[in-house]
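Notes for the one structure printed next.
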Amino acid sequence: MAKELKYKDIIKNREYRKLLFTNLINRFGDSVDAIAFTWLVYQITHSASWSALIFGLNVLPNIIVQPFSGALVEKMDKKKVIVGTHILRGLVISGFVAMYLMGVVNPIMMAVFTLAITTIESFNLPASTAFIPTVIRKEHLTHAMSLNSTLSNTVALIGTGLAGIIIAKFGVYTAMLIDAATFFMAAIGTWSLKTTTPEVPTTEASETVQAVPAAKESYLSLLKGGFDYVKKSRVILNYCLIAIVLNFLLVPLNSLQAPIVEDVFKMGSELLSVMGMAAAIGAIIGSALVPMFAEKMSAKQILVICGIALGAGMYLITLGKYTNGAAIPGYLLTALSFMIMMCSASIIGGTLSIQFVKSVDQSFLARAAAVFNASSSAATPLGSLLISFAALKLSAATLIGGSAVLAILLFVLVAFSHMNFELKEELPDAT
Numbered sequence: 001m002a003k004e005l006k007y008k009d010i011i012k013n014r015e016y017r018k019l020l021f022t023n024l025i026n027r028f029g030d031s032v033d034a035i036a037f038t039w040l041v042y043q044i045t046h047s048a049s050w051s052a053l054i055f056g057l058n059v060l061p062n063i064i065v066q067p068f069s070g071a072l073v074e075k076m077d078k079k080k081v082i083v084g085t086h087i088l089r090g091l092v093i094s095g096f097v098a099m100y101l102m103g104v105v106n107p108i109m110m111a112v113f114t115l116a117i118t119t120i121e122s123f124n125l126p127a128s129t130a131f132i133p134t135v136i137r138k139e140h141l142t143h144a145m146s147l148n149s150t151l152s153n154t155v156a157l158i159g160t161g162l163a164g165i166i167i168a169k170f171g172v173y174t175a176m177l178i179d180a181a182t183f184f185m186a187a188i189g190t191w192s193l194k195t196t197t198p199e200v201p202t203t204e205a206s207e208t209v210q211a212v213p214a215a216k217e218s219y220l221s222l223l224k225g226g227f228d229y230v231k232k233s234r235v236i237l238n239y240c241l242i243a244i245v246l247n248f249l250l251v252p253l254n255s256l257q258a259p260i261v262e263d264v265f266k267m268g269s270e271l272l273s274v275m276g277m278a279a280a281i282g283a284i285i286g287s288a289l290v291p292m293f294a295e296k297m298s299a300k301q302i303l304v305i306c307g308i309a310l311g312a313g314m315y316l317i318t319l320g321k322y323t324n325g326a327a328i329p330g331y332l333l334t335a336l337s338f339m340i341m342m343c344s345a346s347i348i349g350g351t352l353s354i355q356f357v358k359s360v361d362q363s364f365l366a367r368a369a370a371v372f373n374a375s376s377s378a379a380t381p382l383g384s385l386l387i388s389f390a391a392l393k394l395s396a397a398t399l400i401g402g403s404a405v406l407a408i409l410l411f412v413l414v415a416f417s418h419m420n421f422e423l424k425e426e427l428p429d430a431t
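Sequence positions in the sequence shown follow UniProt numbering and run 1 to 431.
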């Protein structure tokens, strides 16, 4: 009988420790910058409509660029792509801070900056996904990715908690410079990693899509092969469908956090930090529970239970109007709702991500990841555009409450559907 893996077995891998440390540095910078940029957008625009619009622009390049960048990345050295994109993002953020200090930043420039950062990220994401199996052995993936997620969310909690202090004491530009510095540090850490040749599983899709070394294929052939691979896997298509609908329903919550603070809870920017810290705690708990859930339940059961819980947590936000600006009730309600939502979302996301990386053929991983990431983000710009207009007529509480009800109904329908979410490998013929 195989020995049961534990987290301490994974941490013994020196290269994994280096990858983990690099990811944690990057996550800390992002958590500080997330609070800074969210508050900066609303303070410059003073508009819930602009907040929703810029949030939508943040994912637009991932939808348009990433399906095509995945094929390019497949032909390239994944480590060099990751290092290069880290450096480039650090430089872009530094340039934005310089413009902010010169007093020339306006809503249009913030939108352009958002598009630039996410376009670079569209090359980083598929490369990062394909890079994972070259550092982590397949049988270690569940615990390794769960530990990475747990510690990343812990670091995010610390960064979110410090963000308000950093902004108050040193200015919003300092928080963004911290993010830029962590990108440069992550580039150095990634460059130091030693990689190995990963195992290549055989799946239903790869039986009908022939894998050829990427370096010998043309760009168009790689592009077509990636789309064909995803199309022939019904399970991956189911992942995409669920992610598209769920991301659409989460747009009001993600894009209207500043209006929620001021209009629903009648409080100040400190509630943004409470939201971020509670979300990080929920994500820490959720990611730590992923291996246990994977052992006890099927992927479909995990989706349904956690999806309904996520919708319920989202609906709690609408009750903030009854706190009447009181700090303690506002903090407690916000913390409870965000912990429930992020714990549920973390379990859902962790389960799907681990299944995806474990089962997709390495020769298709960058392309398949690019298609999946792009499709899962596809609903966000449309949702942001609709919310941008709807926010002119409807309150933030109304928009979030409606999305919560729809999310619950979605996962109830999934429970009674015949959708399959188990991506199983098939052993190659021994002959």
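All C-beta atoms in this analysis are idealised placements derived from N, C-alpha and C, irrespective of residue type, glycine included. Remember, predicted model here, so these are calculated numbers, not experimental data.
Check: Three-way DSSP call (helix, strand, coil) for Ala374 in this model; Outcome: helix
Check: The region 145-160 contacting the region 272-285, beta-carbon criterion three pairs below 8 Å; Outcome: yes
Check: Nonlocal neighbours in the same chain, by C-beta distance under 7 Å from Ala294, ignoring five residues either side; Outcome: Thr142, Thr351
Check: Alpha carbon of Gly189 to alpha carbon of Thr22, nearest angstrom; Outcome: 5 Å
Check: Length of the line joining the Cα atoms of Lys12 and Lys18; Outcome: 11 Å
Check: Through-space distance from Leu399 to Phe416, alpha-carbon basis; Outcome: 27 Å
Check: 8 Å contact criterion, which Thr182 and Phe28 should meet: CB distance rounded; Outcome: 6 Å
Check: For Pro126 and Ala379, believed in contact at Cβ under 8 Å, the rounded distance; Outcome: With a Cβ gap of about 20 Å, Ala379 and Pro126 do not count as contacting.
Check: Cβ-based neighbour list, Phe338, same chain, cut-off 7 Å, excluding 5 preceding and 5 following; Outcome: Met275, Ala278, Ala279, Gly282
Check: Beta-carbon gap between Gly383 and Ser273 smaller than 8 Å; Outcome: no
Check: Start-to-end residues for the alpha helix (DSSP H) that takes in Ser74; Outcome: Note on identity: in this sequence residue 74 is Glu, with Ser being the wrong assignment. Here the alpha helix (DSSP H) through Glu74 covers 66-74.
Check: Every unbroken alpha helix (DSSP H) inside the region 299-362 [4 residues or more]; Outcome: 299-317, 327-359
Check: CB contact flag (Gly325, Phe265, <8 Å); Outcome: yes
Check: C-alpha gap between Leu241 and Ser376, whole angstroms; Outcome: 7 Å
Check: DSSP state of Ser49 mapped onto helix, strand, coil; Outcome: helix
Check: Given Ala243 as reference, the closest of Ile348, Leu406, Leu256, Gly225 once Cα atoms are compared; Outcome: Ile348
Check: Sub-8 Å separation of Ile166 and Gly311 beta-carbons; Outcome: no
Check: Segment contact, 8 Å Cβ cut-off, at least three pairs: the region 89-103 with the region 329-345; Outcome: no
Check: Pairwise C-alpha distance: Thr45 and Asn106; Outcome: 8 Å
Check: Leu57 beta carbon less than 8 Å from that of Ala116; Outcome: no
Check: Simplified DSSP assignment, three categories, for His418; Outcome: coil
Check: Closest Cα partner of Asp263 within the set Ser346, Thr318, Leu222, Ile308; Outcome: Thr318
Check: Tyr229, buried or exposed, once every other Cβ within 10 Å from all chains shown has been counted against 16; Outcome: buried
Check: Neighbourhood of Asn173 by C-beta distance below 7 Å, restricted to the same chain and skipping five residues each side; Outcome: Just to set this straight, residue 173 is Tyr in the shown sequence, not Asn. Only Val97, Tyr100, Leu101 meet the Cβ criterion.
Check: Proximal residues to Ile120 (C-beta, below 8 Å), its chain only, five neighbours per side dropped; Outcome: Thr85, Leu88, Arg89, Val92
Check: Selected residue, minimal CA-CA separation from Tyr331, among Met341, Ile340, Gly320; Outcome: Gly320
Check: Backbone CA spacing between Phe248 and His140 [nearest angstrom]; Outcome: 33 Å
Check: Best match in Ala374, Phe356, Ser149, Ala36 for proximity to Cys343 [C-alpha to C-alpha]; Outcome: Ser149
Check: Exposure label - Lys169; buried when at least 16 CB within 10 Å; Outcome: exposed
Check: For Asp228, three-class secondary structure by DSSP; Outcome: helix
Check: Reduced DSSP secondary structure (H/G/I, E/B, other) of Lys194; Outcome: coil
Check: Option in Tyr239, Phe411, Asn254 with minimal Cα separation from Ala396; Outcome: Asn254
Check: Sequence-distant residues of the same chain with beta carbon closer than 7 Å to Ser128, five excluded per side; Outcome: Ile82
Check: Contact under 8 Å by Cβ, Val251 with Ile63; Outcome: no
Check: CB-CB length for Val290 against Phe411, believed under 8 Å; Outcome: At roughly 18 Å, the Cβ-Cβ gap does not stay under 8 Å, so Val290 and Phe411 are not in contact.
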